[in-house]
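Okay, so here's the structure we're looking at.
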Amino acid sequence: MSAAELRAFLEQHTGFRVPEDRWQFLAARFLPRIEARGFDEVADYVSYLDRDEQGRRELDELLGLLTVRKTSFFRNAACFKALRMTVLPQLVADAGGQRALSAWSAGCASGEETYSLAMVVCAALDKDERDGPAPYVLGTDIVHEALASAREGSYPLRVLHDVPEHYRGYLRGVGQRAWVREEVREVVEFAPHNLMQPPPRPASGSWDLILCRNVLIYFGIEQAREVVSRLVRVLSPGGYLVLGHAEVFTDIDPELEVEFAHGTFYYRRRGARSADPSGGQDATRRWGGPSAPTAASRRDVSRETPTRGYQRAPLELLASDESDTRADTRADTRADTRSGDRERPHAEILAARALREEGDEAGAIRELRAAIRKAPRWAKPRELLAELYLEAGDHEAALFCLEAAIDAAPMDPRPHFLLGDLRRRQGDYRRAEVALRRALYLEPDYASARYALAWVYSLSDRLARARRELRNVLRTLDSVPEARLTPWLEDRSANELRGLCRQAQAEWS
Ligand SMILES: C[S@@+](CC[C@H](N)C(=O)[O-])C[C@H]1O[C@@H](n2cnc3c(N)ncnc32)[C@H](O)[C@@H]1O
Numbered sequence: 004m005s006a007a008e009l010r011a012f013l014e015q016h017t018g019f020r021v022p023e024d025r026w027q028f029l030a031a032r033f034l035p036r037i038e039a040r041g042f043d044e045v046a047d048y049v050s051y052l053d054r055d056e057q058g059r060r061e062l063d064e065l066l067g068l069l070t071v072r073k074t075s076f077f078r079n080a081a082c083f084k085a086l087r088m089t090v091l092p093q094l095v096a097d098a099g100g101q102r103a104l105s106a107w108s109a110g111c112a113s114g115e116e117t118y119s120l121a122m123v124v125c126a127a128l129d130k131d132e133r134d135g136p137a138p139y140v141l142g143t144d145i146v147h148e149a150l151a152s153a154r155e156g157s158y159p160l161r162v163l164h165d166v167p168e169h170y171r172g173y174l175r176g177v178g179q180r181a182w183v184r185e186e187v188r189e190v191v192e193f194a195p196h197n198l199m200q201p202p203p204r205p206a207s208g209s210w211d212l213i214l215c216r217n218v219l220i221y222f223g224i225e226q227a228r229e230v231v232s233r234l235v236r237v238l239s240p241g242g243y244l245v246l247g248h249a250e251v252f253t254d255i256d257p258e259l260e261v262e263f264a265h266g267t268f269y270y271r272r273r274g275a276r277s278a279d280p281s282g283g284q285d286a287t288r289r290w291g292g293p294s295a296p297t298a299a300s301r302r303d304v305s306r307e308t309p310t311r312g313y314q315r316a317p318l319e320l321l322a323s324d325e326s327d328t329r330a331d332t333r334a335d336t337r338a339d340t341r342s343g344d345r346e347r348p349h350a351e352i353l354a355a356r357a358l359r360e361e362g363d364e365a366g367a368i369r370e371l372r373a374a375i376r377k378a379p380r381w382a383k384p385r386e387l388l389a390e391l392y393l394e395a396g397d398h399e400a401a402l403f404c405l406e407a408a409i410d411a412a413p414m415d416p417r418p419h420f421l422l423g424d425l426r427r428r429q430g431d432y433r434r435a436e437v438a439l440r441r442a443l444y445l446e447p448d449y450a451s452a453r454y455a456l457a458w459v460y461s462l463s464d465r466l467a468r469a470r471r472e473l474r475n476v477l478r479t480l481d482s483v484p485e486a487r488l489t490p491w492l493e494d495r496s497a498n499e500l501r502g503l504c505r506q507a508q509a510e511w512s
């Protein structure tokens, strides 16, 4: 009996790309299960999962085994700081007390993220606004068992350590459990939803805020692109989309712009939403009660209102982490990214490189300009052009190219790195630090960016931070395999960079 058909079905159904080693482990558990259910053929078992009422329950159990549901309250402090300090104040101001705020936590696992979000939303509404329309926070997941524990709203007492002091009042300790208080629970609803299906909408038609964190890292590249497109479709103009800090896209949808704040980044849909009272108080909810959606309401979750024509630009998932398969996932994703570059003018890039080697800089510039005309949203030719200008000492032209590269592909870490390097050369250490930090938000293993940051600290007389950053570079060099690090070493070997760090350590001690 071969499990390939089952794997294909599960991948198609959930969007996951199951790494080979994990599949080997899972298949060893699934196959006896198929036999125990009395199926001789995997194909029959698959159609049972797909079409039979009992089979659906079986599918849910398989999904429970397949998915990774690691989560916690206020996971990734920088994200919640950005929500508290920037995103929610902006949304509250946009709503002007006239309409209900709506937020969706997609792939919510056992609910910690959804309740954290609801706490931040509740706290953001000051007393006056609390008299206005009640906010609405939806948590969805593909695994029913996870939703059942989310709805219960009770967690081991130790979770209190994850909750910032400011929000602890939203939990109530009873015996060994911490219970989410009613004032938070009453704005929250949980419902099943598969991100491969059309997304839910709130009664107002579109979401002010969507969190979809640490879900897409398990998806195939195409599936991840499609999910992001679907999310953008149900996001309000001026609304925010927050992905996991490791779920980095380049060539982001033209509807979205990236914002960097509080040590993290998130996306905002272009345009502004007015305070429209039509999505107000009584129209907030689309489904019944906060904790027990009815059968009808469940159906609603996956029914999409037809939308206006929507244009989707390709996205590239660059990096991921979280799972044990971190390095593999990244490598696979890059391979996909390459195969998605069919329309990119690689020939011009190769020609420009060859001409540069031969010392024909004018020829190289000509080729790069041609490449930019053909693929204006591709950062690569702009980066290379900036490098040529940097070599020639033309800082102004290099700056122009890098800013254009960042505009074209804000989630590509390299132009941020080059910009940081340029600012350092110009002696503008404040801007150099900002640019290098952005490169590092986007690619924490960018060893050369970390090394450049250490220099920026040293040059601006912050030696303790400079030394700490050098230690971080060394830690990265020691812990990440060199094959994975190569793109982030900027033509040096790991050993060369290690030597430079040791030398700087000796000088700065
Ligand atoms: C690692 S958890 C992330 C939980 C939370 N978002 C966080 O960042 O802490 C990933 C969750 O995504 C859910 N998930 C995976 N595939 C999904 C899909 N196709 N549709 C909806 N949820 C999915 C899993 O069941 C799991 O609970």
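Heads up: the sequence shown begins at 4 in our numbering, then just goes up one per residue.
Don't be surprised by glycine CBs; every beta carbon is placed ideally from N, CA and C.
Being a predicted model, the structure only gives us computed values, none of them experimental.
- With respect to P416, L456 sits apart: the two C-beta atoms are not nearer than 9 Å.
- Look at S209 here: in three-state DSSP terms it is coil, with no helix or strand label.
- Taking non-hydrogen atoms of ligand 1 into account, the C-beta of E115 is found less than 8 Å away from one of them.
- In this structure, P136 lies away from V124, with their beta-carbon atoms at least 9 Å apart.
- Secondary structure at G176: strand, using DSSP grouped into helix, strand and coil.
- Distance from the CA of R433 to the CA of E361, rounded to the nearest whole angstrom, comes to 37 Å.
- At a cut-off of 8 Å, the beta-carbon of M199 counts as near ligand 1: some heavy atom of the ligand is closer than that.
- Beta-carbon to beta-carbon, A264 and A85 are separated by about 5 Å, close enough to satisfy the 8 Å threshold.
- Contact between V235 and E258 holds: their C-beta atoms lie close to 5 Å from each other, under 8 Å.
- Taking a contact as a CB-CB distance under 8 Å, the pair A452 and F420 counts as one, their CB atoms being some 5 Å apart.
- Taken in chain order, the complete alpha helix (DSSP H) segments of 4 or more residues contained in the segment 410–436 are 416–428.
- Residue side-chain check: R78 places its Cβ nearer than 8 Å to a non-hydrogen atom of ligand 1.
- Residue state for R272 is assigned as strand, using DSSP reduced to three classes.
- L150 places its beta carbon 9 Å or farther from that of A103.
- Out of R385, W107, E185, the CA that lies nearest to the CA of A412 is found in R385.
- Close CB contacts of S119 within its chain, under the 8 Å cut and outside five residues either way in sequence, are with F76, F77, R78, F83, V166, Y170 (chain order).
- Excluding its 5 nearest sequence neighbours in each direction, R59 has C-beta neighbours in its own chain below 8 Å: L52, listed in chain order.
- With fewer than 16 other beta carbons inside 10 angstroms of its own, Q506 counts as exposed.
- Of all alpha-carbon atoms in E394, L388, A395, the one lying nearest the alpha-carbon of E406 is that of L388.
- Shortest gap from the CB of D144 to any heavy atom of ligand 1: under 8 Å.
- Under DSSP, the beta-bridge partners assigned to P195 are D144.
- Straight through space, the alpha carbons of P379 and E346 are spaced by roughly 12 Å.
- Across the structure, L238 and W210 are spaced so that their CA atoms are roughly 5 Å apart.
- The beta carbons of R20 and G223 sit closer together than 9 Å.
- The count of Cβ pairs closer than 8 Å, one atom from the segment 179–186 and one from the segment 196–215, stays below three, leaving the stretches out of contact.
- Where L259 is concerned, the enclosing beta strand (DSSP E) starts and stops at 259–264.
- Residue side-chain check: L66 places its Cβ nearer than 8 Å to a non-hydrogen atom of ligand 1.
- When secondary structure is reduced to three states using DSSP, G242 falls in the strand class.
- By the neighbour-count definition (other C-beta atoms within 10 Å, threshold 16), Q226 is a buried residue.
- The criterion of a C-beta distance shorter than 9 Å is satisfied by R72 and A112.
- Excluding residues up to 5 positions away in sequence, H147 lie with their Cβ nearer than 6 Å to the Cβ of D63 in the same chain.
- The Cβ neighbour count for D424, taken over all protein chains shown within 10 Å, is at least 16; the residue is labelled buried.
- Collapsing the DSSP output to three states places L160 in a helix.
- Closest in alpha carbon position to Y158, among P201, G172, Q200, G114, is G114.
- Relative to ligand 1, the beta carbon of K73 is positioned inside 8 Å of a heavy atom.
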